[in-house]
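Data first, discussion second: the structure below is written as structure tokens.
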Amino acid sequence: ISCMWDIRVPVGHYIRLRFHKFSLEASTGCVFDAVHVRAFRQVWETVAVLCGQDTPHRLVVKSDSVRILFKSDRTVTSIGFKITYTTIKSLCMVQPKKCDRTTPQKRFLPSLPATHGSCSSEIIGRQGQIFLPSTGPYSCQIKIKSRAGRKVILVVRNMVMGVTEMCQQERFEISDANGKPVDGGRILCGDLKGHIIRTGERLVKITIVTVGERSHVDLSFFTSF
1 ISCMWDIRVP
11 VGHYIRLRFH
21 KFSLEASTGC
31 VFDAVHVRAF
41 RQVWETVAVL
51 CGQDTPHRLV
61 VKSDSVRILF
71 KSDRTVTSIG
81 FKITYTTIKS
91 LCMVQPKKCD
101 RTTPQKRFLP
111 SLPATHGSCS
121 SEIIGRQGQI
131 FLPSTGPYSC
141 QIKIKSRAGR
151 KVILVVRNMV
161 MGVTEMCQQE
171 RFEISDANGK
181 PVDGGRILCG
191 DLKGHIIRTG
201 ERLVKITIVT
211 VGERSHVDLS
221 FFTSF
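Residue numbers (this note's numbering): 1 to 225.
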């Protein structure tokens, strides 16, 4: 079994993990069942490899991007684990008196198992982030729904896709509740950074299709009147 979750928080924040439950097969070097915690600092770096029951109650990762990998050989079963996270401003690490209180996060960001396949998610809220790592191919449909009277604004922070005529192989497409294209009906592919899309819609559907393992999408959204 191999599963993966990616956590992304705003720039300038760190991620604090809290281990509520943790019980996996114990082994020297955690070679059988293990949870790997990685931080993105230009490249993915391993912060901790955990197994057994001897784990820290909390773990602060000095990065705004964390990847949690769980690997199991299925030979020994145990309780498993429960991990939640909060964000903490990086300033708190050096000047605790000047930082704001931490902000609890209700759930993991939409995440995907490490195996290839399809994904779907529905997000209801005022703001959030979606991160599809470069472990595709994927065929995803994600719905974002805002409260009455508010409109969804998307920010493509970083997108890397292959370029083909009419974006036939890999694509990023946005439509409204009725399936009608928004953003002028454009279908996006290639490399994009900092691209803002004012959808003018309360509910939008995002379709993301990738065929290569290099492709990835880092997207945030918020709503406004």
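Just so it is clear, CB atoms sit at the ideal spot from N, CA and C, and this is done for glycine as well.
Answer yes or no: do residue i and residue j have a C-beta to C-beta separation smaller than 8 Å?
i, j, result
"S23", "I79", "yes"
"V9", "T87", "yes"
"K151", "I123", "no"
"F70", "K21", "no"
"E201", "V217", "no"
"S72", "D33", "yes"
"C140", "C167", "no"
Taking only the alpha-carbon atoms, compute the straight-line gap between residue i and residue j and give it to the nearest angstrom.
i, j, result
"Q42", "I208", "25 Å"
"R107", "T84", "Model confidence at R107 stands at a pLDDT of 33, short of 50, so the residue's coordinates are unreliable; what they give is reported in the following sentence. Computed Cα separation, rounded: 8 Å."
"V66", "G212", "22 Å"
"T77", "R18", "22 Å"
"G52", "M4", "19 Å"
"S121", "E25", "32 Å"
Under three-state DSSP, which class holds residue i?
i, result
"C140", "strand"
"C234", "As shown, the chain starts at 1 and ends at 225. That puts residue 234 outside it, with no answer to give."
"D33", "coil"
Give me, in chain order, the residues of the same chain whose beta-carbon lies closer than 8 Å to that of residue i; leave out the 5 immediate sequence neighbours on both sides.
i, result
"R16", "R58, L59, V60, V61, Y85, T86, T87, I88 and T102"
Going by beta carbon distance, what residues of the same chain come within less than 7 Å of residue i, once the five residues before and after it are set aside?
i, result
"T210", "G136, P137, Y138, M161 and E170"
State yes or no: is the C-beta of residue i nearer than 7 Å to some heavy atom of the ligand GTP?
i, result
"R38", "The ligand GTP is not part of this structure, which contains no ligands at all."
Can you list, in chain order, the residues of its chain whose CB lies under 6 Å from that of residue i, leaving out five sequence neighbours each side?
i, result
"V155", "I196 and S220"
"L203", "K145 and A177"
Sequence ranges, beta strand (DSSP E) only - wholly within the stretch 51-95, length at least 3: 58-61, 65-71 and 80-89
Mind listing, in chain order, the continuous beta strand (DSSP E) runs of no fewer than 3 residues lying wholly within the stretch 5-29? 13-23
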